[in-house]
Amino acid sequence: TGAKTKQALVCGNMSDSPFTVINKAPEARVTISGNVSERFVPDKGELVNYTLDFTGDVETQYINGFQTAEKRFGGMRWSGENAKVDLPVLPDTEYTLYAYVYVPKWAISETSGIYSGETLIIPVNQEGNKTLSGKVKTGKNQKTLRLDIKVKGWKPMDNMEGSTDYRTLGIGLMQLRLESKKGAGTFNFNTRKTN
């Protein structure tokens, strides 16, 4: 948006060549949401322990197969039945993966879980708001960890009385946290600060 802009609404940019919106109209009424954010490349120190919140635009560069962010539970995204998250990692490192999730009963099957390839890291077998955890070891030259969220797809309109929501959903994901060193600070990808 330019300096002479009086009012603008820029949202839902999902073009093949995504653009980043920079607001240069401080006096205007501008709403910017749902657009692809500028790609963030963390340094090695920020990959020791970190969190990624599923609250808006920051996580879009890491995810595939998710719905747009919603405000419930302080911010979350619904996965599809086979959603993917590609997280930057340190090579040759053992991480504990924590997933803060909302699991509807309709998403649970015998094989529901968070996988890396065919390896089950975290089973998803209990409904409700949960913090689930599991261990994962990265390979010698590995720089990215792909998480596959494999759950049973369900439609609210087929399972919840009065719902007209026809989307095929999986589980709600609020936050992922990777920890490789207890006691070290935790970097937050969303705020870009270490706690």
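Per the working numbering, residue 100 is the first one in the sequence shown, and the count goes up by one each step. Where is the CB? At the ideal position from N, CA and C, for every residue including glycine.
Looking at the structure shown, is residue i part of a helix, part of a strand, or coil, going by DSSP?
i: Gln-274; result: strand
i: Met-256; result: helix
i: Lys-204; result: helix
i: Gln-160; result: helix
i: Gly-212; result: strand
i: Leu-189; result: coil
i: Gly-238; result: coil
i: Glu-217; result: coil
i: Phe-286; result: strand
i: Arg-176; result: strand
Among the residues of its own chain, which have a CB less than 6 Å from the CB of residue i, if the five just before and after it don't count?
i: Asn-184; result: Looking at the sequence itself, residue 184 is Val, so the reference to Asn does not match. Cβ within range, chain order: Tyr-161, Ile-162, Leu-246.
i: Tyr-214; result: Asp-247, Lys-249
i: Leu-189; result: Leu-146
i: Ser-114; result: Note on Ser-114: pLDDT 49, under 50, position unreliable in the model; no value is reported.
i: Glu-193; result: Lys-236
i: Leu-219; result: Gly-212
If you count every other CB in all the chains shown that lies within 10 Å of the CB of residue i, and 16 or more means buried, which is it?
i: Ala-283; result: exposed
i: Gly-212; result: buried
i: Gly-227; result: exposed
i: Thr-237; result: buried
i: Pro-203; result: buried
i: Asn-148; result: buried
Give the single residue among the options whose Cα lies nearest to the Cα of residue i.
i: Leu-277; options: Pro-203, Gly-238, Ser-178, Leu-244; result: Leu-244
i: Phe-288; options: Leu-186, Lys-239, Pro-255; result: Leu-186
i: Ile-221; options: Leu-275, Thr-159, Phe-286; result: Leu-275
i: Gln-241; options: Lys-281, Lys-143, Met-259; result: Lys-143
i: Leu-268; options: Glu-260, Asn-224, Pro-141, Gln-166; result: Gln-166
i: Leu-151; options: Asn-258, Gly-261, Ala-198; result: Ala-198
i: Tyr-201; options: Thr-230, Glu-193, Thr-290, Gly-252; result: Thr-230
i: Ile-207; options: Thr-218, Thr-192, Asn-224; result: Asn-224
i: Asn-258; options: Glu-217, Trp-205, Pro-141, Gly-174; result: Trp-205
So, at 7 Å on beta carbons, what are the nonlocal neighbours of residue i in its own chain, with the 5 sequence-adjacent residues on each side left out?
i: Thr-195; result: Ser-232, Lys-234, Glu-278
i: Gly-164; result: Ser-178, Gly-179, Asn-181, Ala-182, Lys-183
i: Lys-239; result: Pro-190, Asp-191
i: Ser-262; result: Pro-255, Met-256
Please go through the same chain and pick out, in chain order, the residues whose beta-carbon is closer than 8 Å to the beta-carbon of residue i, but skip the five residues on each side of it.
i: Arg-176; result: Phe-153, Glu-158, Ile-162, Phe-165, Gln-166, Thr-167, Ala-168, Glu-169, Gly-271, Leu-272
i: Lys-292; result: Phe-286
i: Arg-266; result: Gln-166, Trp-177, Lys-254, Pro-255
i: Phe-172; result: Tyr-201, Asn-228, Gly-271, Met-273
i: Phe-139; result: Val-157, Gln-160, Phe-288, Arg-291
i: Pro-141; result: Tyr-149, Pro-187, Phe-286, Phe-288
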